[in-house]
Amino acid sequence: GYTFAGTREPDSLLLIRIDPAGNEQWNKTIEGVFNYVRIFQYTPDGDYLIGSYGSFIKIDPTGKKIFEQTSDGILLKSILQTSDGGYMLEGYKFLSDDCFESNYIVRTDPAGNQLWDMTYEDESNHEPDIHTNIKCVIQASDGGYIIVESVRIFRGLSNTRETYIRMTKLKKESPGPIAKFTYDPRYPGAYELATFDASLSYDADGNITNYHWDFDDGNQVDTIGTVITHPYASSGNYTVILTITDDIGNTDSINKTVTVQKLIPYREEWNMTYHGAWDDNLYAMQQTTDGGYILAGNKDLSSGWSLDENIWIVKTDSMGKEEWNRTFEENLLDTADYILQTEDGGYIIAGNRWISGRYDVLLIKTDTNGTRQWNRSFGDKFSNSVYTLRQAPNGSYIIAGAGTWGEDEDYYRWMIQTDSLGNEQWNRVWSNKLPGSAKTIQQTSDEGYILAGNLDRTETTGFDIWLMKTDLHGNEEWNRTIEGNSSDIVDVIRQTSDGGYILTGTTWPSDGDDFDILVLKTDPHGYEQWNKTFQGTGHDMARDIMQTTDEGYLVTGQTGWWDEHTYKQYNAIHKIWIIKTDTDGNFQWHTSFGDGHDRLTVMRQTSDGGLILAGNKETEIGINKGIDFWLMKLGEKSPQSLEISNQSQVVPAQTTNVPGFEVLFSIGNLLVVSCLVLRMKRK
-17 GYTFAGTREP
-7 DSLLLIRIDP
3 AGNEQWNKTI
13 EGVFNYVRIF
23 QYTPDGDYLI
33 GSYGSFIKID
43 PTGKKIFEQT
53 SDGILLKSIL
63 QTSDGGYMLE
73 GYKFLSDDCF
83 ESNYIVRTDP
93 AGNQLWDMTY
103 EDESNHEPDI
113 HTNIKCVIQA
123 SDGGYIIVES
133 VRIFRGLSNT
143 RETYIRMTKL
153 KKESPGPIAK
163 FTYDPRYPGA
173 YELATFDASL
183 SYDADGNITN
193 YHWDFDDGNQ
203 VDTIGTVITH
213 PYASSGNYTV
223 ILTITDDIGN
233 TDSINKTVTV
243 QKLIPYREEW
253 NMTYHGAWDD
263 NLYAMQQTTD
273 GGYILAGNKD
283 LSSGWSLDEN
293 IWIVKTDSMG
303 KEEWNRTFEE
313 NLLDTADYIL
323 QTEDGGYIIA
333 GNRWISGRYD
343 VLLIKTDTNG
353 TRQWNRSFGD
363 KFSNSVYTLR
373 QAPNGSYIIA
383 GAGTWGEDED
393 YYRWMIQTDS
403 LGNEQWNRVW
413 SNKLPGSAKT
423 IQQTSDEGYI
433 LAGNLDRTET
443 TGFDIWLMKT
453 DLHGNEEWNR
463 TIEGNSSDIV
473 DVIRQTSDGG
483 YILTGTTWPS
493 DGDDFDILVL
503 KTDPHGYEQW
513 NKTFQGTGHD
523 MARDIMQTTD
533 EGYLVTGQTG
543 WWDEHTYKQY
553 NAIHKIWIIK
563 TDTDGNFQWH
573 TSFGDGHDRL
583 TVMRQTSDGG
593 LILAGNKETE
603 IGINKGIDFW
613 LMKLGEKSPQ
623 SLEISNQSQV
633 VPAQTTNVPG
643 FEVLFSIGNL
653 LVVSCLVLRM
663 KRK
C-alpha cells in the first residue's frame, strides 16, 4: 500500500494510508504548527519520519505519533538515520520574516532529543561574497560524517563568479554519559518545592550509576534516581549543577540558572473550552453570584468567508462546566463587547449593531436564564465603538466609547447613561480633531467616573494617554494628557486605595520593534507619579490590572510573537503572562501559562482569592476546528511555613539506561578537509 503526508489547513498534519488498490485504510490528523511537509521517509524499523518548518516527527505504520520534536525557526531539508539509531537533521535556520541562515545541522538521539548543532555562516558582508549550500550529509564507515556543500563565490570588483564542491569530514563523537535535566515550575517561589528531572540523561555504552546535584544554596545530594525535589529558602538566582557518572567512571556535567521569586505565583486549577460555530470570539466575562461565570462574544457562522456573526453567551458553574448557552440571531452583524450580571440576577450586554452603514450602540437585557427581555440601540450621525459598560448603584447603566461623527468624520469620545430599562437619560460627547478613544471607564469613590483612553499625535506618530474625571452626571471636572517618548496605549484604569489611579496598557518604544507592557500610577488628580515597563519575549500586551491586598499590583497580559508569518513558523507563539509588583511598581514575581494558542481577553479575581482568565483558544480537534471560547482558573498558592526545611527530597525511581548513541562534540574532534567558516554551539 501507500502512505501520504501533507498539510491540512490551517496548521495540522494530514496522514492517509491506502491499500494497493487505492482504497483508504485510515487517515490521521496530528495537531500542531506544520507549515509545509518537506520530508516524508521510511525507516529501517518500519516507521516513518516527517520533517517540516520547525517540526521533526516519527510515526508508526498505523499513523500513531512516536515522538515529536520542535525547534523554533528551522526548515528541514533532509534527515539521515545514523548507525546508533539517532538522526542527523539538515536544513536552514530561520532568522527573520524573509531571511534564512543556510547550512544548519542538528544531531539527535533515537528519541529526537537534540545533542548538538552547528551553523555554517555565509561570508556575504565583504568582498568576495561567499554563499554555501549543503547538498547532502552521509555517515562514513568509521561512524563520522561527511558534509557535501556547494560553494558560490561572487567577486563584485571583477564581476566574476565561481562554483565548486566542498567536502567536510566530522569525526565520530566520543562515547560517554551526557547530563541533561529539566525543572518545574519555571519560576518557583521561595519555599516552594521545585522538581528537578534528569531522566533525559543517558549513557550510550553503559549505565548511569550516580546523579550528583549541587543546588547552589549549600545543599548537595547524590542519588541513583533521576527525579528530586528541592525548595529554596530565599529569592535569587541559583546555578544548579548536575554531574552524572557512568559505570566505568566517566562523568559529564550541565548547569542551569534557576530564578527563585519572593512569592509563589498562581497555579492552574482547570481550563475549559466552549465551541459554538466555526470561530467563536470571546470579548467579556464576569463571575456570577452563584460562583459560576458568564461569557459573551460572537460566533462566526460563515467559516471565515463573510461577516455572518451572532451574539453568543455561555453560562458555566464554578468549575467551568457549561450550564446553558444562548444565541441572539436578530441581526447577523451584532457584536457583544461587554456583559455584566445585573442587580436582579439577569444580564446586560453592550455592543454594536450595524445599521445603514454605521455602528449603533446596542444594549440587550436578559433574565437569569439568558432569555432576552428587551434591547435598545442608540445612534444618529455617529459610528460608534463600545469600549466599556458599568451598572450604577441606582440600577442605571453607563456606556462609554469612541467613534466618528458626520461627513468630516471628526473624532469624539462619548458617554451615555440609561435608566434600568435602557431608556436614555443623558449623553455626553467630547470632540477632538485628533483621533482618540475612551477605552476604559470606572466609577469612582465619589460616585463620579474616571475615563481613560488615547490621543493620536498624528504630527509625531504616536499616542498619548488621555484621562478625564466627571461627576455623577457626566460633567467634566478635569482632564489630563500624559505624554511619553513612545506610543502608549491604555487598556484598563482602576482606582487605587489612596484615591489615585493605576493604568496598564502597551507601550511601543520609538527606538524598538517590540511592544512592552506599561504600568502607570497617578495621584487622585490624574498627575503621573511613576511608570514601569515590563519586557517579555517579543510583543507584550497588557489585558488587565488589579490592586492586591498588600497594596501591590497584579498585571495580566500576553508575551510572544504575533506576526502572522512568524506564527506559522513557531510552536507556542504567545503565552499568558502574569506579573506581580509591589506598591511602587517594582517587580516581585511573574509566571506564564498556555500552549501558545491561548489569547487572553479579560482577567478577574474570584471570590476564593484566585484568578479567572478568559479569552480564546485555537482548536484543531475533530469537528470543533476553529477558535473557541476559553476559560482558565488559577488558584492562589500560599507560601509554606518559613520553618520548613530546605533539604532536597529524592523521588524514588529506578536507574535509567536510555538507549541511543551518546555524542560529546568538541572542536578537537572536528577535521575540516577544506577551509570553511562555521559557528558551533553545544547543547
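For reference, each letter of the sequence shown is one residue, going -17 to 665 in our numbering. Glycine included, C-beta positions come from ideal geometry on N, C-alpha and C.
Could you work out which residue in the options is closest to residue i when comparing CA atoms only?
| i | options | result |
| --- | --- | --- |
| K347 | P213, K117, A278 and N219 | A278 |
| N292 | T271, L264 and D204 | L264 |
| R476 | D453, P506, T488 and H455 | P506 |
| T573 | T563, T565, T583 and W559 | W559 |
| G328 | K297, D316, W195 and G302 | K297 |
| T(-11) | Y35, P26 and Y69 | Y35 |
| G(-17) | L(-5), I0 and G207 | I0 |
| W356 | T370, N366, G383 and F310 | F310 |
| G218 | G231, D228 and F197 | F197 |
| V501 | N253, N351 and T489 | T489 |
| L31 | L62, N9, N5 and G4 | L62 |
| D179 | K153, I135, D199 and I226 | I226 |
| Q407 | Q540, F360 and R134 | F360 |
| T541 | V472, D342, P167 and F497 | F497 |
For residue i, list the residues DSSP reports as bridge partners.
| i | result |
| --- | --- |
| Y184 | I160 |
| Y(-16) | I0 |
| W306 | K297 |
| F611 | Y256 and N598 |
| Q399 | I380 and W408 |
| V372 | It should be noted that the sequence gives Arg, not Val, for residue 372. I380, per the DSSP bridge assignment. |
| K562 | L536 and W571 |
Give me, in chain order, the residues of the same chain whose beta-carbon lies closer than 7 angstroms to that of residue i; leave out the 5 immediate sequence neighbours on both sides.
| i | result |
| --- | --- |
| Q269 | Y275, R586, T588, S589 and I594 |
| G576 | K557 and I558 |
| E304 | Y256, V296 and T298 |
| D229 | G188, N189 and T191 |
| V411 | Y394 and W396 |
| Y24 | Y30 |
Helix, strand or coil: how does DSSP classify residue i here?
| i | result |
| --- | --- |
| G286 | Summary for G286: the model assigns pLDDT 48, below 50, so the residue's position carries little reliability; its value from the coordinates is reported in the next sentence. Coil at G286, not helix or strand. |
| S469 | strand |
| P325 | Per the sequence presented here, residue 325 reads as Glu, with Pro not at that position. The answer is coil: DSSP assigns E325 none of H, G, I, E or B. |
| T64 | coil |
| G36 | strand |
| M585 | strand |
| N189 | coil |
| S479 | coil |
| S678 | Here the chain comprises residues numbered -17 to 665, so residue 678 is not present and cannot be evaluated. |
| N263 | strand |
| E291 | strand |
| T359 | In the sequence as presented, Thr is not what sits at residue 359; that position holds Ser. Residue state, collapsed to three classes: strand. |
| D42 | coil |
| R168 | coil |
| A93 | coil |
| E155 | coil |
| Y214 | coil |
| S367 | strand |
| A332 | strand |
Going by DSSP, what residue range makes up the beta strand (DSSP E) through residue i?
| i | result |
| --- | --- |
| Y248 | Taken as a continuous stretch (DSSP letters only), Y248 belongs to no beta strand (DSSP E), as it is neither H nor E. |
| F516 | E510 to F516 |
| H572 | F569 to F575 |
| R143 | T142 to L152 |
| R462 | E458 to I464 |
| G218 | G218 to D228 |
| L175 | Looking at the DSSP string, L175 is not in any beta strand (DSSP E), and its letter there is neither H nor E. |
| L502 | D498 to T504 |
| E6 | E6 to I12 |
| A122 | It is not in any beta strand (DSSP E) - A122 carries neither H nor E in the DSSP assignment. |
Keeping to the same chain, check which residues put their C-beta closer than 8 angstroms to that of residue i; ignore five residues upstream and five downstream.
| i | result |
| --- | --- |
| G482 | K503, T504, D505, P506 and Q511 |
| T353 | R308 |
| G534 | K562, T563, D564, T565 and Q570 |
| N568 | K514 |
| F49 | I39, K40, A93 and G94 |
Using a Cβ-Cβ distance cut-off of 8 angstroms, determine whether residue i contacts chain D.
| i | result |
| --- | --- |
| D185 | Structure shown: chain D not included; a single protein chain is present. |
Would you say the beta carbon of residue i comes nearer than 7 angstroms to a heavy atom of the ligand ATP?
| i | result |
| --- | --- |
| D505 | Questions concerning the ligand ATP fall outside what the structure shown contains, since it holds no ligand whatsoever. |
Please list, in chain order, all residues of the same chain as residue i whose beta carbon is under 6 angstroms from its beta carbon, the five residues on each side excluded.
| i | result |
| --- | --- |
| G508 | L449 and R462 |
| Q243 | Y169, G171, S217 and W571 |
| L613 | M254, G302 and A596 |
| S300 | G273 and G274 |
| P2 | G(-17) |
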